[in-house]
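K.L.:
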Amino acid sequence: MKPSPPAIEHPMCHDHSLVFLKKREVEVPCEACKESIDGPSYSCLECIHVYFHLDCVHLSKEMYHPCHPSHPLEVAEESEKSCYFCAAQPKVLYHCSICNFSVCFGCTKHPPPLVVEDPKTHKHPLSLFASQISFTCNRCGTERNDPKPYICVKCNFVVHGNCIGFPRVININRHDHRISFTYHPGRRGTHCGFCWGDVSQYYGAYVCSVCPDYTVHSQCAVNIDVWNGVDLEGTPERSEDIAPFKVVGHNLIRHFSHSKHTLRLLEDIVNIHDVYECIRCDACVSPVGFGPPIYACGDSGCLFLLHEKCANFPIKKRLVFRTAPYMLECGDDAAIYCQMCGMLCDGFKYTSQGVTPRHCVDVHCSSLPEPFVHSVHSHSLLDYRTTNIVCRACKRLPNDNMLGCYACNFCLCLYCATLPEKILHMCSDDEHPLTLYYGEMSNCTSWCGVCESELDPSNWLYTCSECGVALHVQCAFGDFSRLKPGRIYNFGERDYKVVLNSGNTRPFCSHCHSRCKAPFILRDKSKDNGYICSLSCLSIGLGIRQCIHLFTFMFFKFFFSSCLGIKFG
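All residue numbers for the sequence shown refer to our numbering, where the first residue is 1 and numbers rise by one.
(1) Give the DSSP-derived three-state secondary structure of glycine 342 in the structure shown.
(2) Could you tell me the alpha carbon to alpha carbon distance between proline 90 and proline 113, rounded to whole angstroms?
(3) Measure how close the beta-carbons of tyrosine 64 and valine 28 come, nearest whole angstrom, since I'm counting them as under 8 Å.
(4) In angstroms, rounded to a whole number, what distance separates the CA positions of glutamate 591 and tyrosine 438?
(5) Three or more C-beta pairs closer than 8 Å, one from the region 493 to 504 and one from the region 359 to 371: is that the case here?
(6) Note down the Cα distance separating lysine 81 from threonine 121, rounded to an integer number of angstroms.
(7) Return the CA-CA distance between serine 375 and alanine 417, expressed in angstroms with no decimal places.
(8) What do you reckon, are the CB atoms on valine 207 and isoleucine 179 nearer than 8 Å?
(9) Per DSSP, what kind of secondary structure is isoleucine 544 in: helix, strand or coil?
(10) So, for phenylalanine 623: in the same chain, excluding its five sequence neighbours on each side, which residues have a beta-carbon less than 8 Å away from its beta-carbon?
(11) Would you identify the three-state DSSP class for glutamate 412, choosing helix, strand or coil?
(12) If we ignore side chains and look at the alpha-carbon of each, how far apart do valine 26 and glycine 39 end up?
(13) For tryptophan 447, does the count of other Cβ atoms within 10 angstroms reach 16, so buried, or fall short, so exposed?
(14) Only counting runs of 4 or more residues, tell me where the alpha helix (DSSP H) segments fall wholly within the region 282 to 321, in order along the chain.
(15) When you compare each of Lys154, Phe321, Leu263 to aspartate 282 by their alpha carbons, which one comes out closest?
(16) Just curious, the alpha helix (DSSP H) that cysteine 107 is in, first and last residue?
(17) For serine 43, which three-state DSSP category applies?
(18) Identify which residue in Gly249, Asp198, Gly189, Leu266 has its Cα closest to the Cα of serine 209.
(19) Considering only residues of the same chain and omitting the five flanking positions on each side of tyrosine 489, which have a CB-CB separation below 6 Å?
(20) Between which residues of its own chain and cysteine 155 is the CB-CB distance below 6 Å, once the five residues before and five after are set aside?
(21) Taking the continuous beta strand (DSSP E) assigned at alanine 470, which residues delimit it?
(22) Would you say phenylalanine 313 and valine 361 are within 8 Å of each other, going by their C-beta atoms?
(23) Note down, one range per segment and in chain order, each alpha helix (DSSP H) of at least 4 residues found wholly within the region 477 to 514.
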């Protein structure tokens, strides 16, 4: 790099000679750009406190720009104008008062190209149109007043500068098939698969060749949270068998997770209150439920069960949480921490591929569709990335991912969004299911049937309209409801068994010394009466007591797994 000269006799930016100075102890503003100088500079010995950046010293007070050759541009201070090319608003820039054209110092040094040749965008060369115009971009279909429009006069084609070079073929995390760019989507899907806004048939968009109704806005498809940045044009698409099972007979399948036995479809399921909590799906670890068909192992003595819906989970799937694909995993008999809802989970899970560290999502969160329709809100809910907004149901601050309505600023955490509408609970009478109420007034009691504390009718709760029983959501499930009853898990080199808390007398927790209230608790295999009622009490037993008072319950789950490096299973 050529060293800066010790002096400049006739600078373009100033009327006097300038001398080179090494770094000053106190920052001073540059006379040209008005930004602070933190490093070597040039100074005027005749004027007091006049300094220039090394780059700014060569700027003239007046110049001609190749993108605006008709009039000279003059330095304008405190103009509150934006650079035509980069939209920056510096304190000082070059300006043409006749055309109201402005350009910052940076863009005078590195101006955009006057002509761009990009066959992916257009078959003819595109010329920069350096004038303020309002137009609809042929590529993305938006009417943004972009500072760098490029045009083809022959074809009446105009495109934003940052829309040039869009990829032709991509994968996005909202769809399982590749999507391709076209300037003529035609009468396909009327709504974008990402933002669910209207899609015009007359401007460019991405479409799926497999799904005739699937369309995505051009700008939405290349969003950093949607696309992984890889252009797949010219890359052959591999055919993958992602079917989770094979049909081997009438109502008979052989599932990849239980290939040693055949599973039979059972359509008429009767819920028995006493064993409701113990008969669980091996995929989602939820009770068999209220009537949906299940697949059951036909081998005598094998208790493997799958909800029909869970049996159809694809082996490979794309989820909105990451741009990498996810693979369905099962059979490791270990608890995982779902990084979306903050729950300890067993059963099937989806793990991200090709990224480190791996991202694990349980099947409750991974099966949420987008848009998500919930009876608590009149609008469909989308993946919602924001901070400092609490879940409308549990009033807690979740992690990054939520489901929300952008129009109403309504949000649900993924745990609350996946709560079942009906459950059976030991506190209710036989055959009386509890229904989830969304902060509505009901004829239920004012006290929780589990913890016996007062209920807030504005919060979500489970109630029975016939017998009046009501429960907090947390009391209805606890922290271990997504672990398999009877299974032994290892936490911190100690073995704990998941047991049903259904006795006439509730045991005392070994750490908080309160009665265990949740339907499922942990029993320490090394102690006769060593019970754990919650995840926070489990953490105390592992020697991290100080965390209890520092974090909210939901954030603590994240801290427990990710920050402290505790291995589950």
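From the three backbone atoms N, C-alpha and C, an ideal C-beta is built for every residue, glycine too.
P.N.:
So, from the listed chains and residues:
(1) Taken through DSSP and simplified to helix, strand or coil, glycine 342 comes out as coil.
(2) Counting only the Cα atoms, proline 113 lies some 22 Å from proline 90.
(3) The Cβ separation is near 30 Å, so there is no contact.
(4) Look at the range of the chain in this structure, 1 to 569, and you will see that residue 591 is not part of it.
(5) No, they do not touch.
(6) Each residue's Cα considered, the two are about 31 Å apart.
(7) Separation of serine 375 and alanine 417 (C-alpha to C-alpha, rounded to the nearest whole angstrom) is 10 Å.
(8) A contact, by the Cβ cut-off of 8 Å.
(9) Legend: pLDDT at isoleucine 544 = 46, less than 50; position of this residue unreliable, value from coordinates given subsequently. Isoleucine 544: coil per DSSP, three-state reduction.
(10) What is shown of the chain runs 1 to 569, which leaves residue 623 out entirely.
(11) Note on residue identity: the sequence assigns leucine, not glutamate, to residue 412. It is a strand residue.
(12) Between the alpha carbons of valine 26 and glycine 39 lies a distance of about 10 Å.
(13) With fewer than 16 neighbouring CB atoms inside 10 Å of its own CB, tryptophan 447 falls in the exposed class.
(14) Fully enclosed alpha helix (DSSP H) runs of 4 or longer: 308 to 311.
(15) It is Leu263 whose Cα lies nearest to the Cα of aspartate 282.
(16) Following the DSSP letters along the chain, one finds cysteine 107 inside the alpha helix (DSSP H) bounded by residues 105 to 109.
(17) It is a strand residue.
(18) Considering only alpha carbons, the answer is Gly189.
(19) Taken in chain order, the residues that qualify are Ala335, Tyr496.
(20) Excluding residues up to 5 positions away in sequence, nothing lies with its Cβ nearer than 6 Å to the Cβ of cysteine 155 in the same chain.
(21) For alanine 470, the enclosing beta strand (DSSP E) stretches over residues 470 to 472.
(22) Valine 361 sits away from phenylalanine 313, with the two beta carbons spaced by 8 Å or more.
(23) Those alpha helix (DSSP H) runs which fall completely within the region 477 to 514 and span 4+ residues do not exist here.
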